[in-house]
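Residue numbers (the numbering used here): 1 to 971.
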């Protein structure tokens, strides 16, 4: 049986086209119920139980549940619990959910796929008795509600034929739409709201906590604290006529009453301040903003401001302190200022944090404090506060009514005890949206067997480089070895009489195992990058590949993709070739081992000789890069020494950089540039490249002012002049100053991003930091999916593999680059969060006095960096002792003047009073300010000259460690 609809369509040329759409209907679709004796079910086709016992006190008879679309969209956390079973998911609902929210659609599919849950998908849109046509003038939503009610009525009638006693299951419609419930009741359908149903469920006490809070309409919010948001129609009209602007809201980490929105029409980001200015926007939301007149523009706040620890109720506190701190006489610092007038798209997710139980006995409403400081606190209802108070928990946001100071949300699940290492790592991964579930069976099915060896026919297709002395150089403990190198003298000389060398970079051939559009490929694309935490690694591809079959381990044959140059002794490239190869690494070395081999003059072996040639050529390549304007920037990188049993950090030290670090880096850069040039020539519209935009001048304003206070005028007009200025900015006796300057310069930079060559003009390909016109990522396919795509493109270029349609699809490439950039950024943030977590663990039982430097001067604090630990944080200054000069950005207390780049001595300790945000406390030791600075003798360490301080502190630290060691042995 079929139905058809006919449409008349008028083309741009005026032609009339007749379009006929046919919709086929069947009468043999199964209902899936074990209680049905009419449908010819096979045993494996029965999903719904014949005796569907009721767990809800509202219904004292067995029943099946049918859900409408909004129940699935808003109550997915309830559905994921084991409580609700024997549920019918209609095709109408499934398609609507897929259209509105793909993430929830995937979660629903997982529930349906779990046979234990008894969720049955019924194709009501193709059943002759349940399909309904859309009536003239009827809204699609109303038609879908009618289709759902028709399906419920059919199920009830269909099962009643087999109903021989009162124990046979009935059918209950769950909907939160009051109008839909009324119509259903009038039609004789049993129905109920989700809230009423769940609150009467027996045996699952925590289920009610997972209920999503209903959204309160903007126009009927009583006792409103916030202005109403504009409607979508008003927002669209405002943007079209230029009165409103659209952008993504970024909340401040340092000030909960401040945020910004980047708008293309303005060079600076738009400043938003105060509760009303932010108007219920949450970090990541796409918002509509109105710009204030220029005379109302302000500068960003220069105070560090945190939300109060106690619930102030539904009141908005005075914001005079904030507004006072943003007044300025300097036009250079003024920023366009505006306010949020509407929300275009929410980017809410589930947030990790802790519960702040109410002080009122028996209360069910509590505040939840997210781990991410940029997210506001959330009001949730729970009857488990006594248990959850000691747990890290996950909460979802539901709505933010105008009359509530905080958004409303609901409890999702507990992650583990606060302070537990596994729970804290889980928080880091969830907060930074790092996919970290075990690889699925479908993904693992794509892998070769554990004992796989290279087939002979594959070796015959490749260039055999096994006889060549190739070696890898990596950090200690590295198991995912992406790259290896070789260099050897070749016969002859150049026309200038210079020696010639063959140099090769050999990269793991991951694409041999990761084929396009397989489950393994899709999972790698989704993850996009391997994520490195202090004590663990979240792989992009399964361990069999990352640490074994693709890892270029010493003494083992491996498949590789090789980039081989012929160069002269001055590192000038004479020719370049690419080919798939088979290699056998002679050694997998650490940076230190390679450096020892180079420096040991008694070693004349092939490995040492190859490394010396590579090192010599790398220095010439680096010098040439720097002469071209490449920037040598810095970041405070550290390495933890971890206890082998507990995996807790026991000490920390700055990473040591050797010539061999730079040697490997130079040849990886050269390989990436060479591959980028080849791809752009072959695929000018779809090459996957990486660019680094030049930072806008506004990014340098505070940095240049701070450098000027130290007596340096830096030229940032070009990267070449900037590089030269940085090289010359040296203070005798302060060796760390130049490093600090480069750390600060890094923070002025923009993010480097992946892009498809067809989306940018040629001049925008430029990589500012590396000073090269074109660049890509080719050298790390085990841990970066971008490199996998580059390998596929390059293989097609050199005839080693065929092209795939997806590689040439610009729209798909754009979406891929967006995900690559997002995942790369989140991986960096997760790594930093892991360092912070392990630092807090390190400082649980210790207090230190260390050298520090000032990174920034705020109205009420100094932002300081501890070079030894790579840590930074606020050192708060009392306003009754210090005077802030907002023009020069300095703090003054008598003869003590504190400015950016100044050196300090500080006391470091851990404050665990706030379980959510454990933080290091920085206390000033030197320069000494009476009644404020911490006296060193308070730690039983006499106050000494700064030059003698490290030895004294080291002696004290060893004594403390010895005491702790004795205590642990006694335990």
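Ideal placement from N, C-alpha and C gives every residue a C-beta, glycine not left out.
Using the Cβ count rule (16 or more neighbours within 10 Å means buried), how would you classify residue i?
i	result
residue 279	buried
residue 582	buried
residue 452	exposed
residue 387	exposed
residue 813	buried
residue 805	exposed
residue 273	buried
residue 53	exposed
residue 70	buried
residue 690	buried
residue 787	buried
residue 367	buried
residue 656	exposed
residue 139	exposed
residue 650	exposed
residue 397	buried
Have a look at residue i and residue j and give me their C-alpha separation to the nearest angstrom.
i	j	result
residue 356	residue 306	16 angstroms
residue 633	residue 801	38 angstroms
residue 849	residue 256	30 angstroms
residue 565	residue 479	27 angstroms
residue 548	residue 449	12 angstroms
residue 687	residue 751	20 angstroms
residue 284	residue 642	36 angstroms
residue 503	residue 73	57 angstroms
residue 833	residue 475	21 angstroms
residue 556	residue 585	7 angstroms
residue 63	residue 172	7 angstroms
residue 336	residue 269	7 angstroms
residue 292	residue 338	5 angstroms
residue 707	residue 670	33 angstroms
residue 301	residue 685	44 angstroms
residue 105	residue 213	20 angstroms
residue 26	residue 128	5 angstroms
residue 316	residue 370	20 angstroms
residue 175	residue 531	42 angstroms
residue 261	residue 824	22 angstroms
residue 103	residue 136	33 angstroms
residue 349	residue 711	47 angstroms
residue 803	residue 739	45 angstroms
Is the closest heavy atom of the ligand GTP to the C-beta of residue i under 7 angstroms?
i	result
residue 591	What this structure holds is no ligand at all, so the ligand GTP is not there to describe.
For the putative contact between residue i and residue j, defined by C-beta atoms under 8 angstroms, what is the C-beta separation to the nearest angstrom?
i	j	result
residue 229	residue 31	Not quite, the Cβ-Cβ distance comes to about 44 angstroms (not below 8 angstroms), so this is no contact.
residue 543	residue 508	Actually they do not touch by this definition, with Cβ atoms about 14 angstroms apart.
residue 298	residue 334	7 angstroms
residue 379	residue 402	Incorrect: roughly 14 angstroms between the Cβ atoms, too far for contact.
residue 865	residue 875	Not a contact, Cβ separation roughly 11 angstroms.
residue 830	residue 250	Not a contact, Cβ separation roughly 18 angstroms.
residue 434	residue 826	6 angstroms
residue 394	residue 446	Not really, about 31 angstroms apart at Cβ, beyond 8 angstroms.
When you compare the CB of residue i with every CB in chain B, is at least one pair closer than 8 angstroms?
i	result
residue 860	Checking the listed chains, one finds no chain B in this structure; it contains a single protein chain.
Contact between the stretch 504-522 and the stretch 440-447 (3+ Cβ pairs under 8 angstroms): The stretch 504-522 vs the stretch 440-447: in contact.
Alpha helix (DSSP H) runs contained entirely in the stretch 651-724, provided each spans 4 or more residues: Within the stretch 651-724, the complete alpha helix (DSSP H) runs of at least 4 residues are 659-682, 701-709.
At least 3 beta-carbon pairs within less than 8 angstroms: the stretch 853-863 vs the stretch 446-465: As far as the Cβ criterion goes, the stretch 853-863 does not touch the stretch 446-465, which means the pair count is below three.
Whole alpha helix (DSSP H) elements within the stretch 247-292, 4-residue minimum: The stretch 247-292 contains these whole alpha helix (DSSP H) runs: 274-278.
In chain order, each beta strand (DSSP E) run of at least 3 residues that lies wholly inside the stretch 148-178: Runs of the beta strand (DSSP E) inside the stretch 148-178: 170-174.
Start-end ranges of the alpha helix (DSSP H) lying completely within the stretch 584-653, minimum 4 residues: Fully enclosed alpha helix (DSSP H) runs of 4 or longer: 591-599, 606-627.
Given 8 angstroms, three or more beta-carbon pairs between the stretch 239-252 and the stretch 187-207: No, because fewer than three Cβ pairs between the stretch 239-252 and the stretch 187-207 fall closer than 8 angstroms, the two stretches do not touch.
Three or more C-beta pairs below 8 angstroms linking the stretch 73-89 and the stretch 116-134: Yes, the stretch 73-89 is in contact with the stretch 116-134.
Minimum length 4: unbroken alpha helix (DSSP H) runs contained in the stretch 474-531: Within the stretch 474-531, the complete alpha helix (DSSP H) runs of at least 4 residues are 519-527.
Three or more C-beta pairs below 8 angstroms linking the stretch 586-597 and the stretch 605-622: Yes: at least three Cβ pairs fall under 8 angstroms.
Length-filtered (4 minimum) alpha helix (DSSP H) runs lying within the stretch 45-74: Counting only runs that start and end inside the stretch 45-74, the alpha helix (DSSP H) elements of at least 4 residues fall at 69-74.
4-residue-minimum alpha helix (DSSP H) runs that sit fully inside the stretch 416-455, ordered along the chain: Qualifying alpha helix (DSSP H) stretches, in chain order: 421-431, 441-444.
Cβ contact (3+ pairs, closer than 8 angstroms) linking the stretch 621-631 and the stretch 758-775: Inter-segment contact for the stretch 621-631 and the stretch 758-775 is present: three or more beta-carbon pairs are separated by less than 8 angstroms.
Length-filtered (4 minimum) alpha helix (DSSP H) runs lying within the stretch 340-407: Runs found: 385-388.
Touching by the beta-carbon criterion (3+ pairs, under 8 angstroms), the stretch 880-897 and the stretch 921-936: Touching, yes.
Uninterrupted alpha helix (DSSP H) stretches inside the stretch 793-851 (no shorter than 4 residues): You should have 810-842.
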